[in-house]
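Participant: As numbered in this note's numbering, residues 9 to 388 make up the sequence shown, in order. For glycine and all other residues, C-beta sits at the position ideal for the given N, C-alpha and C. Only a predicted model underlies this, so the values are computations on that prediction, with no experimental measurement involved. Attaching a single structure in structure tokens format; questions to follow.
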Amino acid sequence: EADGVAGCPCINPYTHEGLQGSRGIGQYATGNQLVYTPAGSSMSFSYPPGYGKGCAAHDDTLPPSCSLPSKPAWCTAEWCYIDPQNCDARAVKTKYFPLVENLYFSYDTCISSSSSSSSGRTWSEEDIEISRRLYNLAEGYTRGARVLIENSYMSLSASDGCELSDDHSMCPCNSCHQSVDWASKVDFMQVGMLMGAQGTPEERSNAVCMSEQVSSTYKAVAAKESDDDFTRVGYLYFANQATGSYTQWPKEDACSWSTAEHTYDPRYRDWYAAGATGPKDIVIVVDVSGSMVQNGRHEMAKAATEQILDTLTWKDFVNVVLFNNYASAVYSRNLVPVTEQNRAAIKAWADRQIWQQGGTNFKVAMRKALESIRDSVADG
């Protein structure tokens, strides 16, 4: 077995001085195998003797991620456990054994000094297949994470709850440090979670369990694909519908994401709405009659309209109809694609309208919305 590069030698995690005792890797040993139990899951997975010792594709064919028919690219990459105090290569904290404080692994130490573990950097810019390969790589990583999250949800045990620990929390992020390149405080060794404001106790517990489980594949992708000094910005993330919680690599200080007027909720981000609903055609129909002035409802209606617009992407088409006694204002005859330019133009148009005047005629508003859809279809 290979020993890694001179500046970051592989270690034997079963005999290494810093990994022994009650807080060492032995706490995961059953017989001659290591046993990984995903957070909150009723399922466990066994790994063979020598797992992580010396450079090898240790994860290949092993559950939960690498036994899939279409497994992520990191499954076949060689890696080994290393001592973070004796390593000048990229390394990330263990994926499966979080209670072992100083257990880190590295892909970089298992490749020659003339190459890189990053899939992107091994491809020539002149390679005409680079776009296809990049797409397939990203799609494979995304699919692997999705399957892991789905399987995690299915295997959750009602009796095994999960709590958001300080090590996993993004607010506060006690382990984060300012990065000039990322313009934020981050921790590249960890995956973090920002708990949402909604959900039952069981749903919130399940959200933490799924976050902890997906951390394993996020760390593997980050360890394989990020650049040596983490100057290339790129995120791995997902959000939970029931709670509004958010999980991300790298772990980032998220305390400033919310303000007194606005609480950060990933479910209102365009990437979440696009993934949850797909491309869509929307006509936003808003009552702007005189009664809307009561309790500031006209202001809430306008804010809601803008928030809907912010969840849309270039794949969506939209129009806005304001009504009172009649269709008092219509943004466009047809639905328009939600480009950044069109989004800004619709918001500017909305700012110029009157949002509290006249009576209420729902029928004329619905008729105008259907006309807009009909005209858009007719015009192709």
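Can you tell which of L70, H24, A97 has its C-alpha closest to the C-alpha of V108?
Facilitator: Ranking L70, H24, A97 by Cα distance to V108 puts H24 first.
Participant: First and last residue of the beta strand (DSSP E) that includes F105?
Facilitator: Careful: F105 lies outside any beta strand (DSSP E) and carries neither H nor E.
Participant: In or out: M162 buried (at least 16 other Cβ within 10 Å) or exposed?
Facilitator: Exposed.
Participant: Assuming H185 is part of the alpha helix (DSSP H), what are its boundary residues?
Facilitator: No alpha helix (DSSP H) holds H185; the beta strand (DSSP E) holding it covers 185 to 187.
Participant: With a threshold of 16 other CB atoms inside 10 Å of the CB of R31, please say whether the residue is buried or exposed.
Facilitator: Exposed is the call here.
Participant: Going by Cα to Cα distance, which pick from Q198, E147, I290 is closest to W82?
Facilitator: Out of Q198, E147, I290, E147 has the C-alpha closest to the C-alpha of W82.
Participant: Considering Cα atoms alone, identify which of N110, L70, A153, G15 is closest to D96.
Facilitator: Out of N110, L70, A153, G15, G15 has the C-alpha closest to the C-alpha of D96.
Participant: What residue from T271, G169, Q186 has the CA that sits closest to S50's CA?
Facilitator: Ranking the options by Cα distance to S50, first place goes to G169.
Participant: Going by DSSP, what residues sit across from N327 in a beta bridge?
Facilitator: Answer is V291, bridged to N327.
Participant: Could you check how far apart the C-beta atoms of K321 and A353 are, in whole angstroms? I think they sit under 8 Å.
Facilitator: One point to set straight first is that residue 321 is Thr, not Lys, in the sequence displayed. Their Cβ separation, rounded to whole angstroms, is 16 Å, which puts T321 and A353 out of contact at 8 Å.
Participant: Grab me the residues of V216's own chain with a C-beta within less than 6 Å of its C-beta, minus the 5 sequence neighbours each way, in chain order.
Facilitator: The residues are C170, L172.
Participant: What separation, rounded to the nearest whole angstrom, lies between the Cα atoms of E158 and Q221?
Facilitator: Their backbone Cα atoms lie some 11 Å apart in a straight line.
Participant: Return the chain-ordered ranges of every alpha helix (DSSP H) run that is complete within the stretch 230 to 288 and spans a minimum of 4 residues.
Facilitator: Counting only runs of 4 or more, we get 278 to 285.
Participant: Within this structure, are the beta carbons of P46 and I33 separated by less than 8 Å?
Facilitator: Their beta carbons are not under 8 Å apart, which means P46 does not touch I33 by this criterion.
Participant: Just the Cα atoms here: how many angstroms apart are S122 and Y89?
Facilitator: Only weak support exists for where S122 lies, its pLDDT of 41 falling under 50; the coordinates are left without a value.
Participant: Return the residue from the list T313, V194, G60, Q364 that minimises the CA-CA distance to C181.
Facilitator: Checking every option, the nearest Cα to that of C181 belongs to V194.
Participant: For G304, does the three-state DSSP call read helix, strand or coil?
Facilitator: Here G304 sits in helix by DSSP.
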